[in-house]
Each structure stands twice: as C-alpha cells, then as structure tokens.
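K.L.:
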C-alpha cells in the first residue's frame, strides 16, 4: 500500500508484483520528462524519459505514461525486485532551459 | 564513458576551513550543474554552466563559489560554511540537446558535513 509521511511518500510492494509510482507535474509548458532512481548514498540514476509528443514509452521492465490533460506522469515497474528498492523522482523540463523541476520523490520498498 | 565522477566521496570541514569539491565528465557534455540535496528531499539546483560560462546562479550564498576550468571539469569552492550547509552535493552534466529535452546525468555526490 501507499502511505504519505511528513516528508517522503512510501509505496510498499510485494516482490514479483507490479509497482506504479505517480507524479503530478506543475508546468503545462514542460515538454520533456524523466524518471530517476536514487539508492541510499548514491546519485540519481536515469531510468527512462518521455517527450510531450508521446503518451507512453517502454523500457526494460519499466513503462512511463504521460497524461498531459491532467499533468500526470507515472512509472510502472513490472515484476518488482528487491534491487528496485530506492527513492524515485520525476523531473520535468521545458526545452531550451536548463532547470529541472523535480517532484517530491516516492520511496519504493520491496517486501520479500 | 558515461560516467560523472566526483571527489571526495565524503568531506568533513570546520566553519573556518576552505575546501573544494571536484566533478569530471568525459562524455563531451557542454552543460554542467551543481545541486544540493538534503535528506528525503529532491535535488535543489545551485549553479549551471553552459559552454564553460555560468548561466544560472540560483541565489546561492557567496560562501559557495563555482568554477569551470574546462568543458570536462567543474569545481565548487567552499569557504566559511555553516552547519546547515551539510548535505549531499551532486554534480550533473548534459549534452545541450538541439532536439529539445536535455538529459542530465548525475555523479555519486559528495557527502559534506560542516562542524
């Protein structure tokens, strides 16, 4: 299930189940979106990106969905594994600028 | 080589010390970034260099001084820091895409503790 604490929402998922992490973005002019995974003590690691002219993009075990109507982005992880445990950040950017707007992050906990 | 490296990995300094953080990339990227990240928070942008010129300073206090000696290197000079400056400092680089949307690649960070 999902819980929202004072700082970081947490999603707990059974190993082998699918995970869905959601993100509401803020700028309707943003045209490029990225998901990052950050493990404890490490820098954010690029997972998958999507441009605003698409609504779905698939990678290896991951899928990103973009709904521009409601400014919503989601990351789906298939067959979640213990190694997927991390904090996941979405980021949006308007092309031609350098400034990412990061979401607040979601901690994914994979239960054995 | 698709890696951004940062040194040192950990740094402990007093409020009167002067130290520097270093970042290097060999991906031919022409934009480099410094971020500050507090626990359980997303990265906060501090500085952006594009083509070795400072293009964004997010109103960062002058006790943080960035430097970009060449297109592969980025430094962050630290002086007279405060305990609240303790954080993970992340460097990132991006290629400056001409097709829109620029992917930033992050280094592992320097964990800074100010005593």
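Chains as they are written, first to last, in my numbering: chain R, 1 to 112; chain Z, 113 to 227.
For glycine and all other residues, C-beta sits at the position ideal for the given N, C-alpha and C.
None of these values were measured; they are calculated from a predicted model.
(1) Determine the burial state of residue 155(Z): buried for a count of at least 16 other Cβ atoms within 10 Å of its Cβ, exposed for fewer.
(2) How would you label residue 178(Z), buried or exposed, when you count the other beta carbons within 10 angstroms and need 16 or more for buried?
(3) Which value, in whole angstroms, describes the spacing of the CA atoms of residue 112(R) and residue 14(R)?
(4) Classify residue 220(Z): buried if its beta carbon has 16 or more other beta carbons within 10 angstroms, exposed otherwise.
(5) The region 4-34 of chain R: which residues have C-beta closer than 7 Å to a C-beta of chain Z, in chain order?
(6) Please list, in chain order, the chain R residues whose beta carbon lies closer than 9 Å to that of residue 163(Z).
(7) Among the residues of its own chain, which have a CB less than 7 Å from the CB of residue 116(Z), if the five just before and after it don't count?
(8) Going by DSSP, name the residue or residues bridged to residue 197(Z).
(9) What does residue 203(Z) pair with, by DSSP beta-bridge criteria?
(10) Could you tell me which chain R residues have their CB closer than 9 Å to the CB of residue 198(Z), listed as they occur along the chain?
(11) Taking a Cβ distance cut-off of 7 Å, strictly less, list which residues of the region 68-96 of chain R are near chain Z, in chain order.
(12) Report the three-state DSSP secondary structure of residue 84(R) (helix, strand or coil).
(13) So for residue 179(Z), helix, strand or coil by DSSP?
(14) Does any CB atom of chain Z fall closer than 9 Å to the CB of residue 58(R)?
(15) Would you please state the rounded distance, in angstroms, between the beta carbons of residue 148(Z) and residue 223(Z)? I believe it to be under 8 Å.
(16) Using the Cβ count rule (16 or more neighbours within 10 Å means buried), how would you classify residue 195(Z)?
(17) What does a CB cutoff of less than 7 Å around residue 46(R) pick up in its chain, not counting 5 residues either side in sequence?
(18) Check the Cβ of residue 160(Z) against every Cβ in chain R and list those closer than 7 Å, keeping chain order.
(19) Between the Cα of residue 125(Z) and those of 213(Z), 153(Z), 215(Z), 197(Z), spot the shortest distance and give me the residue it belongs to.
(20) How many angstroms separate the CA atom of residue 56(R) from the CA atom of residue 182(Z)?
P.N.:
Considering the structure as presented:
(1) A buried status is given to residue 155(Z), since no fewer than 16 other beta-carbon atoms sit within 10 Å of its beta-carbon.
(2) Residue 178(Z) comes out buried.
(3) If you draw a straight line from the Cα of residue 112(R) to the Cα of residue 14(R), it comes to about 6 Å.
(4) Flag for residue 220(Z) reads buried.
(5) Close to chain Z, meaning a Cβ-Cβ distance shorter than 7 Å, are the following residues of the region 4-34 of chain R: 7, 8, 31, 32, 34.
(6) The premise fails here: residue 163(Z) is roughly 12 Å from chain R at the closest Cβ pair, so nothing lies under 9 Å.
(7) So the list reads 135, 137, 203, 204, 205, 217, 218, 219, once near-sequence residues are dropped.
(8) Under DSSP, residue 197(Z) shares a beta bridge with no residue.
(9) Beta-bridge pairing by DSSP links residue 203(Z) to 146(Z).
(10) Within 9 Å Cβ-Cβ: nothing; residue 198(Z) doesn't reach chain R, min ~15 Å.
(11) Listed in sequence order: 89, 93, 95.
(12) Reduced to three states, the DSSP call for residue 84(R) is helix.
(13) Reduced to three states, the DSSP call for residue 179(Z) is strand.
(14) It does not; no Cβ of chain Z falls within 9 Å.
(15) Not a contact, Cβ separation roughly 12 Å.
(16) By the neighbour-count rule (16 or more Cβ atoms within 10 Å), residue 195(Z) is not buried but exposed.
(17) Listed in chain order, the non-local C-beta contacts of residue 46(R) below 7 Å within the same chain comprise 34, 36, local neighbours out to five positions each way being set aside.
(18) Near residue 160(Z) (Cβ distances below 7 Å), the residues of chain R are 98.
(19) It is 197(Z) whose Cα lies nearest to the Cα of residue 125(Z).
(20) Distance between the alpha carbons of residue 56(R) and residue 182(Z): 38 Å.
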